[in-house]
Amino acid sequence: MATKIATIQLANGSTIKIELYPDSAPATVANFEKLSNSGFYNGLNFHRVEPGFVVQGGDPNGDGTGGPGYKIKAEFNERKHVTGTLAMARASDPNSAGSQFYICLAPAPFLDRQYTVFGQVTEGMDEVQKIRRGDKMTSVTVETV
Numbered sequence: 001m002a003t004k005i006a007t008i009q010l011a012n013g014s015t016i017k018i019e020l021y022p023d024s025a026p027a028t029v030a031n032f033e034k035l036s037n038s039g040f041y042n043g044l045n046f047h048r049v050e051p052g053f054v055v056q057g058g059d060p061n062g063d064g065t066g067g068p069g070y071k072i073k074a075e076f077n078e079r080k081h082v083t084g085t086l087a088m089a090r091a092s093d094p095n096s097a098g099s100q101f102y103i104c105l106a107p108a109p110f111l112d113r114q115y116t117v118f119g120q121v122t123e124g125m126d127e128v129q130k131i132r133r134g135d136k137m138t139s140v141t142v143e144t145v
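Going by the UniProt record's numbering, the first residue of the sequence shown is number 1, and it counts up by one from there.
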């Protein structure tokens, strides 16, 4: 099976590469790919940074309240929340994810099977660790390699 790789370009010039998991979360990966390749994430910021826990972005409002105007169903799976895990953020309703995502800065096993894990950082984790609240993504793209 071909591999899907997400590339996040940060405003500071650094790059983050993430291998996506369409086998574990097919609808979530398809949604992220559609949003990414349509330019939805371009210029959005990381509105939540919890040192030693997560960085979160993907909200067009920039404050944790926004989304793409629709919600997707949860695809909880056996993938673990380890350093570099990419997963969908959501409200209390398990089926309330839309566009917001987070990357784990450290293992977070208490989130396992509570949030949809759909990728893993493969390059640039050092850059993820440096993200501060308000840092912007200049572009997010997904390609099949």
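By construction, the Cβ of each residue, glycine as well, lies at the ideal position given by its N, Cα and C atoms.
Please read these numbers as outputs of a predicted model, since none were measured by experiment.
When only Cα atoms are considered, T85 and N61 end up about 24 Å apart. Under the 8 Å Cβ criterion, the stretch 23-31 does not count as touching the stretch 44-64, having fewer than three qualifying pairs.
For the options F76, L35, A2 and N45, the alpha carbon positioned closest to that of G69 is the one of L35.
Assigned with DSSP and collapsed to three states, K4 falls in strand. Taking 8 Å as the cut-off, the Cβ atoms of K136 and A30 do not count as close.
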